[in-house]
Each structure stands twice: as structure tokens, then as C-alpha cells.
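Residue numbers (this note's numbering), protein chains in the order written: chain C, 53 to 199; chain L, 53 to 199.
Ideal placement from N, C-alpha and C gives every residue a C-beta, glycine not left out.
2 protein chains.
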Amino acid sequence: MSEPVEDQGAALLRARGMRVTRPRLAVLQVLGAGGHLEVDEIATAVRTRLDSVSTQAVYDVLGALSRAGLARRIEPAGSPARFEARTGDNHHHVVCRACGAIADVDCVHGTAPCLDPVGAGGFVVDEAEVTFWGLCPACQRAKAADD
Amino acid sequence: MSEPVEDQGAALLRARGMRVTRPRLAVLQVLGAGGHLEVDEIATAVRTRLDSVSTQAVYDVLGALSRAGLARRIEPAGSPARFEARTGDNHHHVVCRACGAIADVDCVHGTAPCLDPVGAGGFVVDEAEVTFWGLCPACQRAKAADD
DNA sequence: ACGCAAGCTGGAAACGTTCAAGATACGGGC
DNA sequence: GCCCGTATCTTGAACGTTTCCAGCTTGCGT
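Here it is as C-alpha cells:
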């Protein structure tokens, strides 16, 4: 509670033996605000906190963070990669077919039985990724107005 | 049984009010052979049947076929788009993290209960897409050999 | 057989992403 | 507190997939 936001990130990084750098702290803060952000959005947000950060650094940082389990990379078909801070709780996503908006969905069953593939052709499975496709509330209204 | 393969495709197209063209028939034949093919692989295979087909035409045809429900577009994160002919049976996919190979997995529960998202933030969901991530048999052996 | 529109061709470019080489700065050890 | 080695950042470029555009060709209803 007494720790400033910046130091929470630093502790997370140090706990994994990663160097604490300005770009990494800034990305952690941006992701911590929530949402499913594109690389470009993250870069823009980071640049409001630091004077200049190269696009490359943002990609590097995001790669390092997701390898370390501090960020999660999601990539719905037909969309550029997005990143979120919420990790380790096995939740899934709903994607709007019309506008591409993404929302979180908690997995009702925890480690659901149907997500344990039977007869996977000899594959050793370590993760089940679920993406729901549909229409967000705003696009439902937009579509109804068209009719 | 008495219909040549080419005419089966023509019938499918006509049934949906779509024009029957050489590129479309060729793509249908290629997809009919099975597998999860990249656009580039499809284009190459098509060009062994027809003298020349533009890349553009292949993209157009695949887009039209998937809109018509004759092909299904799958796009695992970090991979170019792939297409398969098997549609309408609600099956899912296992993707190898190492080599990118894709295999089919039947959905054990049919319309599984856990795939009915509860509390999806007002979204109207029409499809649940499941992707399993793991290691294919060949890459399991390769990894074991490294240790 | 005719005409219209759907569909194809060819060239070009946009997009997100990754690679390479060198400069910088973090953090353990003195 | 200072120094060094290396992880990390910067800059600049390139890659591969996918889409856009204008114009010609072709399937199919009449």
C-alpha cells in the first residue's frame, strides 16, 4: 500500500532477475491500467510518460514481459497482436466481429473438462485458448438501426 | 458417386448462387484433399491444375468460400492464415509451439457447456473457437534428444 | 446470342513485425 | 562509491502477408 506504482513494477522485474529500466516500468504501468492494447497504443501511452522510446524497445519489452509471465499476448484472427496485464487466472476473451473490441470472460469451470482434448493425435497439450466471437452491445445497436 | 470431383464443387457453388469459375473449382479441389493449408500452398497447388492464377484471385476465392461456409479460415497466433475444407462439425485445433503443425481435435462435448460464456459483458456470442497449444510427436522427440 | 455485373489480372503499396549493428545504462563485484 | 560486462535500447532497414486499385475477362440470366 505504501509502495508507489513505479516500485511495484520494479519489484516484479527484480523478482525474476530482470533489469529494471524506464521503458519496462512505463509499459508495466500502461498495462496495469487495464484493457487489451495494441503495440501501437502501448507505445503512444508510454511516450506520454517518457520522452522517447523506440518502437523496437516496446516490442522487446513486451516480448520479455510475456516470456516472464507479467503480460499476456493475445492475437485474435485478423487483428494485430494485443497485450494485457491480467495473467495466471485462465480467463478468455470475447471479440466483436464488427469493431474488434475485446472483453474478458471468466472461465466458468476453471480447468474445464471439455478443454482437456481427448485424442489429440499424440500432441502434448499445455494450454487451451478460447476465443468467443460475437457482437458487442454498441455494434448490436448499430446493426439494429440499419434494419 | 457418379459425379466427377470437379462437378461436385460446381454443384456446391451453384447451390449458393455463386458463379462457377476455374479458380474456385481448383481451390475447392485442393482444399478437398484435406489438411490446413496456407494461402501460398493453396496458390501453388492451384497452379499445378491451372496455368496461371493471380495471388489476388486466390485470396478473393478463399474469402468468398469462407463467407459461403465452404471453407474455414483458421489463424493461430503468430502464423499466417490457413484454410481447411472441414466445416460445420464444430471441431477444434491443436497447434505445435515448435513447428507450427496443426491437427484436428473433435469437440468431445458437442456444444460444450463451458463454451457458453456466462457474463460476457453484453456481447451476443455466435461462435466459440478453441485452440490447444502444445508439442507435436516429432517435436517431443526432438526436444527429448536435446536433453 | 447479348449485356450486365461478378470475378479475374497485374502492379503497387500498406501493414505489423522482425533483423542487424552499434550505443547506452543497469547491477554485481571490487 | 566506482568499474566492468552484458542486457537492453536506438536507429535504420527489410521481410512476408495481405489489401488496394484500375482495367480486362468471363459466367450466366434473358
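Practice task
Compile a chain-ordered list of the residues in the stretch 172-189 of chain C whose CB is closer than 7 Å to at least one CB of chain L.
Solution key: Cβ contacts with chain L come from A172, G173, G174, F175, V176, V177, D178, E179, A180, E181, V182, T183, F184, W185, G186, L187, C188 and P189.
Exercise for the section: Enumerate in chain order the residues of its own chain whose CB-to-CB distance from A155 of chain L is below 6 Å, with the five nearest sequence positions on each side excluded. Expected result: Working through the second sequence from its first residue, we reach residue 155 of chain L at position 103. Cβ neighbours of A155 of chain L beyond the five flanking positions: V146.
Problem - Enclosing alpha helix (DSSP H) for V110 of chain C [first to last residue] - result: Here residue 110 of chain C corresponds to residue number 58 of the first sequence, with the count starting at 1. Looking at the DSSP string, the run of the alpha helix (DSSP H) that includes V110 of chain C is T107 to R119.
Exercise for the section: Identify the continuous beta strand (DSSP E) that holds G152 of chain L and give its terminal residues. Expected result: Counting from one through the second sequence, the residue named residue 152 of chain L turns up at place 100. In the DSSP assignment, G152 of chain L falls outside any beta strand (DSSP E) and carries neither an H nor an E.
Practice task
Take M70 of chain L and list the residues in its own chain whose beta-carbon comes closer than 8 Å to its own, dropping the five residues that flank it on each side.
Solution key: Residue mapping note: residue 70 of chain L aligns to position 18 of the second sequence, counting from 1. Taken in chain order, the residues that qualify are R76, A116 and A120.
Practice task
Figure out for me which residue from C:G186, C:C159 and C:V182 has the closest Cα to the Cα of G159 of chain L.
Solution key: The sequence position of residue 159 of chain L within the second sequence is 107, counting from 1. It is worth fixing the name first, because residue 159 of chain L is Cys in this sequence and not Gly. Its Cα nearest to that of C159 of chain L, the residue C:V182 stands out among C:G186, C:C159 and C:V182.
Practice task
Kindly indicate if chain L contains any beta-carbon less than 8 Å away from that of E136 of chain C.
Solution key: On the first sequence, residue 136 of chain C is found 84 positions in, with the first residue counted as 1. No, E136 of chain C does not count as interfacial toward chain L.
Problem - Three-state secondary structure (DSSP) of G162 of chain C - result: Mapped onto the first sequence, residue 162 of chain C falls at position 110. Confidence at G162 of chain C is low in this model, with a pLDDT of 49, below 50, so the placement of that residue should be treated as unreliable; the coordinate-derived value is given next. Here DSSP, grouped into helix, strand and coil, assigns G162 of chain C to coil.
Problem - CA nearest to the CA of C140 of chain L, picked from L:L187, L:C151, L:A109 and L:E179 - result: Locating residue 140 of chain L in the second sequence gives position 88, counting from the first residue. It is worth fixing the name first, because residue 140 of chain L is Gly in this sequence and not Cys. Closest in alpha carbon position to G140 of chain L, among L:L187, L:C151, L:A109 and L:E179, is L:E179.
Practice task
Give a yes or no on whether 8 Å exceeds the smallest Cβ distance from E127 of chain L to chain C.
Solution key: Residue numbering aside, residue 127 of chain L sits at position 75 when the second sequence is read from its first letter. Chain C places a beta carbon closer than 8 Å to that of E127 of chain L, counting this residue as a contact.
Practice task
Say whether chain C places a C-beta atom closer than 8 Å to the C-beta of Q108 of chain L.
Solution key: The residue labelled residue 108 of chain L in the question sits at position 56 within the second sequence. Output row for Q108 of chain L: interface = no.
Problem - Where V146 of chain C sits in the DSSP three-state scheme - result: As a working mapping, residue 146 of chain C is identified with position 94 in the first sequence. Collapsing the DSSP output to three states places V146 of chain C in a strand.
Handout entry: Pick from L:R125, L:R101 and L:D103 that is closest to Y111 of chain L, judged by C-alpha positions
Key = For this step, residue 111 of chain L is matched to residue 59 along the second sequence. Comparing C-alpha distances from Y111 of chain L to each of L:R125, L:R101 and L:D103 shows the shortest one belongs to L:R125.
Handout entry: Distance, V79 of chain L Cα to V10 of chain L Cα
Key = Coverage of chain L is limited to positions 53 through 199, which leaves residue 10 of chain L absent and any answer about it impossible.
Practice task
With 8 Å as the threshold, decide whether the Cβ of A120 of chain C is near any Cβ in chain L.
Solution key: Here residue 120 of chain C refers to the residue found at position 68 of the first sequence. Contact of A120 of chain C with chain L is not assigned, every C-beta pair being separated by 8 Å or more.
Problem - Residues within the stretch 76-106 of chain C neighbouring chain L, beta-carbon criterion of under 8 Å - result: Answer in chain order: no residues at all.
Exercise for the section: Quick one: using the 10 Å Cβ neighbour count with 16 as the cut-off for buried, is Q86 of chain C buried or exposed? Expected result: Along the first sequence, one-based indexing puts residue 86 of chain C at 34. Reading off the sequence shown, one finds Gly at residue 86 of chain C, where the question assumed Gln. Classification of G86 of chain C: exposed, given that the 10 Å Cβ count is below 16.
Practice task
Could you please give the first and the last residue of the uninterrupted alpha helix (DSSP H) stretch that includes A97 of chain L?
Solution key: In the second sequence, counting from the first residue as 1, residue 97 of chain L sits at position 45. V91 to R99 is the span of the alpha helix (DSSP H), which, as asked, contains A97 of chain L.
Exercise for the section: Examine chain C for any beta-carbon lying closer than 8 Å to the beta-carbon of A196 of chain L, and answer yes or no. Expected result: The sequence position of residue 196 of chain L within the second sequence is 144, counting from 1. No, A196 of chain L lies away from the interface with chain C (no Cβ there is under 8 Å from its Cβ).
Exercise for the section: Identify the contact partners of Q60 of chain L in chain C, using a Cβ-Cβ distance below 9 Å as the criterion. Expected result: Along the second sequence, one-based indexing puts residue 60 of chain L at 8. Per Cβ cutoff of 9 Å: no residues; Q60 of chain L is ~28 Å from chain C at best.
Practice task
Give the residues from the stretch 142-163 of chain C that approach chain L closer than 9 Å (Cβ to any Cβ), ordered along the chain.
Solution key: Within the stretch 142-163 of chain C, the residues whose Cβ lies closer than 9 Å to some Cβ of chain L are H144, V146, V147, C148, R149, A153, A155, D156, V157, D158, C159, V160 and H161, listed in chain order.
Practice task
Look at the alpha carbon of F184 of chain C and the alpha carbon of R134 of chain L, and state the distance between them as a whole number of angstroms.
Solution key: By one-based count along the first sequence, residue 184 of chain C stands at place 132. By one-based count along the second sequence, residue 134 of chain L stands at place 82. Distance from the CA atom of F184 of chain C to the CA atom of R134 of chain L, rounded to whole angstroms, is 19 Å.
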